[in-house]
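Mapping of the sequence shown onto our numbering: residues 267 to 887, in sequence order.
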Amino acid sequence: MDRIGGRYDVLDQIGQGGVGMVYRCHDSVMDSIVAVKVLARDTSSQEILRFHQEAKATAKLDHPNIIKILDFGEMEGKAFLVLEFVEGKSLEDCLKDRELDEFETLECLQQICHGLRYAHGKGVLHRDIKPGNVLVMRDANGKLQAKVSDFGLAKMLASDQFLTDTGASLGSPAYMSPESANGDMLDQRSDIYSIGCVMFELLTGHLPFEAESVMHMMLMRTEKPAPKLSEVSELAFSKQVEEIVGRCLEIRPEARYETMDELCDKIDALETFYLDPELEPEDEQTEAEPGDKTGYWKVFSHSSTWPVAAAVLILLGLVAIFVYFFHTSQGTTSKAPKVKEKEKEASSSIVEMSDLKPKEGIDERDGIKWTILDGVATDKDLAIFTGRKDITNLKLVADDMAGRGMELIESMPLKRLNLKQCLISEGTMVHISKVPTLEELYLTRTVGVTREGVDTISALKNLRILCLENQPVTDEWMPSILNLKNLEDLSLRRCGEFEGSNIEMLAALPRLRSLTISYTQFKRQNLPKLAKLTNLRYLGMAGLDLMDSDVKVLSGMPVEELLLDDNNLTPVVVPYLCQFKNLRKLSFPSYGLKGKDWKQLSKALPRCAFGVASKEKSTEE
Numbered sequence: 267m268d269r270i271g272g273r274y275d276v277l278d279q280i281g282q283g284g285v286g287m288v289y290r291c292h293d294s295v296m297d298s299i300v301a302v303k304v305l306a307r308d309t310s311s312q313e314i315l316r317f318h319q320e321a322k323a324t325a326k327l328d329h330p331n332i333i334k335i336l337d338f339g340e341m342e343g344k345a346f347l348v349l350e351f352v353e354g355k356s357l358e359d360c361l362k363d364r365e366l367d368e369f370e371t372l373e374c375l376q377q378i379c380h381g382l383r384y385a386h387g388k389g390v391l392h393r394d395i396k397p398g399n400v401l402v403m404r405d406a407n408g409k410l411q412a413k414v415s416d417f418g419l420a421k422m423l424a425s426d427q428f429l430t431d432t433g434a435s436l437g438s439p440a441y442m443s444p445e446s447a448n449g450d451m452l453d454q455r456s457d458i459y460s461i462g463c464v465m466f467e468l469l470t471g472h473l474p475f476e477a478e479s480v481m482h483m484m485l486m487r488t489e490k491p492a493p494k495l496s497e498v499s500e501l502a503f504s505k506q507v508e509e510i511v512g513r514c515l516e517i518r519p520e521a522r523y524e525t526m527d528e529l530c531d532k533i534d535a536l537e538t539f540y541l542d543p544e545l546e547p548e549d550e551q552t553e554a555e556p557g558d559k560t561g562y563w564k565v566f567s568h569s570s571t572w573p574v575a576a577a578v579l580i581l582l583g584l585v586a587i588f589v590y591f592f593h594t595s596q597g598t599t600s601k602a603p604k605v606k607e608k609e610k611e612a613s614s615s616i617v618e619m620s621d622l623k624p625k626e627g628i629d630e631r632d633g634i635k636w637t638i639l640d641g642v643a644t645d646k647d648l649a650i651f652t653g654r655k656d657i658t659n660l661k662l663v664a665d666d667m668a669g670r671g672m673e674l675i676e677s678m679p680l681k682r683l684n685l686k687q688c689l690i691s692e693g694t695m696v697h698i699s700k701v702p703t704l705e706e707l708y709l710t711r712t713v714g715v716t717r718e719g720v721d722t723i724s725a726l727k728n729l730r731i732l733c734l735e736n737q738p739v740t741d742e743w744m745p746s747i748l749n750l751k752n753l754e755d756l757s758l759r760r761c762g763e764f765e766g767s768n769i770e771m772l773a774a775l776p777r778l779r780s781l782t783i784s785y786t787q788f789k790r791q792n793l794p795k796l797a798k799l800t801n802l803r804y805l806g807m808a809g810l811d812l813m814d815s816d817v818k819v820l821s822g823m824p825v826e827e828l829l830l831d832d833n834n835l836t837p838v839v840v841p842y843l844c845q846f847k848n849l850r851k852l853s854f855p856s857y858g859l860k861g862k863d864w865k866q867l868s869k870a871l872p873r874c875a876f877g878v879a880s881k882e883k884s885t886e887e
């Protein structure tokens, strides 16, 4: 795999689990290093949509103590998630190696709680808090920073079917709240219980409940009060610490702290874990034997290396945000007590839906103000636009627009419609075809686009721009596209099945001025046919493995903008480029060019700007 989602160049694989892989990648748009998790199994349209909706909601979390989700998408039937790439070490590994001293551990716990408090404030529960889902890193000054990952695993850990389907254990029940183990509805107090388990383990080196089997462990936590810290450790803990941990680990949710705000205040007020600071083991006692309950703290060495990338550390955790949604959509079985259907719906998402009720918003890009639905929306939510005649640009991202609610757009004076990553149906295309004012239609990575659907929108006499990026477009779609007689701009970017065997047919569209076929399977033997499209003024041909001689076939076309990035071009191509006399903008691989080459280009193309970023890049944003 060389590139993911048409944007992320794979540098190396840095992790692998039962249901997916993690890659360190270069973001070709933002010129940055990211981590990309790709799900191993193929996913249906409904599963991809559900993942998009949940990932969209979770991606809004922006806090220094939370791993940031940057992007998400689908590639060849597999969903992927893009994350910030940082280097660090999991709290689980720190615990095993005893690498944090008392005060660093306290600081780490405080930061974890701050991150969770922020997430809870946004209506997002974590549901799988454990040391393996916390990354510990250090800045240039050696200051510790904890980042929480994986907002998504929920109830799947309790499902035997989940473990069987994935072939891997994607989380430990050791940190589950009793209500999570029982399959009951969860709230903030469930995360608080898990924090209590993490605190208990960090302070004693042991879990509050340890048993030979998972079922026995889960049974213990639902029936037996958690032990005190002092019952499993010889260290003398302060009364405040015992109270905090004990209250977090109460069996009944109503007996715990009500909110993460309350817990944060308690932990922030701590100065030490011990009854008397003098009882803290001295630095000389750092070499504790395995299993020794005394001398637990080990002073951290600031010269230590932290080579493990954040993406590796959160591999199994991040898988949850995929697998939870995908497997719940297929159905799972559980022996947990049944709850009301309404409660099931409320607890099946990492996001509290009441807090994400779609709201109207504005997204301004490139001078265009798009009306958007901010939140996880479906076609039914379009009802908030009933009677609106002021909306001309509508943008919906990763929403379910496959239902009859799309009928409402028929009465809107839309000029632009963007359904990026949405789920649509043939019915959706019928509704779109009844918007006579529509001039621009963007279907980038939209799920459910078919040739028949493109036939349907032939009724749009004013349609000027059609974007079919990342769609299953083949050469057989060409007659359907030709029905759009007034088309001026056509993008088939990243349509992996398009070869261009009949591309000359586009000459039948007299107004077509812009054509993008970048990163398709366009065959070089079809270049002479492409050269017949003399009406084109923009031509995007990045990533087609073109050679210098291929450009010669096209030389002389009257295009004004030409994109040839990511092709196998050398300085030999310069004389052929000089034949494009009308060029105003040219972007191509220019490494290897010498001064004389640039002089030749500048002389032949005096009005041309070289290396100008193409408009294609904006479509990935």
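Positions of the beta carbon are idealized from the N, C-alpha and C atoms, including for glycine.
Counterpart residues of residue i in DSSP-defined beta bridges
i, result
"W636", "D629"
"A345", "E340"
"I332", "V414"
"F876", "L852"
"Y274", "I270, D293"
"I731", "E706, D755"
"N659", "R682"
"V300", "C291, E350"
"G286", "L305"
"G449", "Note: G449 sits in no beta bridge, so no partner."
"R404", "L410"
C-alpha distance - residue i paired with residue j, whole-angstrom precision
i, j, result
"H318", "K344", "12 Å"
"G669", "E692", "10 Å"
"F846", "I783", "19 Å"
"A725", "P702", "8 Å"
"K655", "P679", "6 Å"
"D268", "P397", "33 Å"
"E373", "E476", "26 Å"
"I270", "L734", "18 Å"
"L254", "G858", "Beyond the ends of the chain as shown, which are 267 and 887, falls residue 254; an answer cannot be given."
"P745", "E718", "11 Å"
"F539", "K303", "38 Å"
"D640", "E626", "6 Å"
"C844", "K635", "39 Å"
"K326", "L347", "14 Å"
"T800", "V817", "15 Å"
"K490", "D457", "19 Å"
"A774", "L685", "27 Å"
"R290", "P872", "41 Å"
"D898", "L748", "The chain is shown from 267 up to 887; residue 898 falls before or after that span and cannot be answered."
Residue i in three-state terms, based on DSSP
i, result
"S853", "strand"
"N792", "helix"
"S827", "For the sequence presented, residue 827 should be read as Glu rather than Ser. The answer is strand: DSSP assigns E827 an E or B state."
"T644", "strand"
"L867", "helix"
"G377", "The sequence given here has Gln at residue 377, not Gly. The answer is helix: DSSP assigns Q377 an H, G or I state."
"V840", "helix"
"G398", "helix"
"L382", "helix"
"I517", "coil"
"D666", "strand"
"F503", "strand"
"K355", "strand"
"G693", "helix"
"R393", "coil"
"S780", "strand"
"Q454", "helix"
"E611", "Bear in mind that a pLDDT of 36 at E611, under 50, signals an unreliable position, so the model cannot answer this."
"V819", "helix"
"G671", "helix"
*asked:* Tell me whether the region 458-478 and the region 489-501 touch, counting them as touching only if at least three CB pairs, one residue from each stretch, are closer than 8 Å.
replied: Yes: the two stretches touch, three or more of their Cβ pairs being nearer than 8 Å.
*Can we say the region 400-407 touches the region 469-480, given the rule of at least three CB pairs closer than 8 Å?*
Under the Cβ criterion (8 Å, minimum of three pairs), the region 400-407 does not count as touching the region 469-480.
*Taking contact to mean at least 3 C-beta pairs separated by less than 8 Å, is the region 501-509 in contact with the region 520-528?*
Taking 8 Å as the limit for Cβ pairs, the verdict is that the region 520-528 does not touch the region 501-509.
_Between the region 807-821 and the region 780-794, can you find at least three pairs of beta-carbon atoms closer than 8 Å?_
Contact between the region 780-794 and the region 807-821 is present, because at least three Cβ pairs lie under 8 Å.
_Ranges of the alpha helix (DSSP H) found wholly within the region 465-496, counting only runs of at least 4_ = If we require 4 residues or more, the alpha helix (DSSP H) runs fully inside the region 465-496 come out as 480-489.
*Count the C-beta pairs between the region 384-395 and the region 334-343 that are closer than 8 Å, then say yes if the count reaches three, no if not.*
Result no; under three Cβ-Cβ pairs closer than 8 Å.
*Counting Cβ pairs, one atom from each stretch, are 3 or more of them under 8 Å apart for the region 785-800 and the region 751-764?*
Contact between the region 785-800 and the region 751-764 is present, because at least three Cβ pairs lie under 8 Å.
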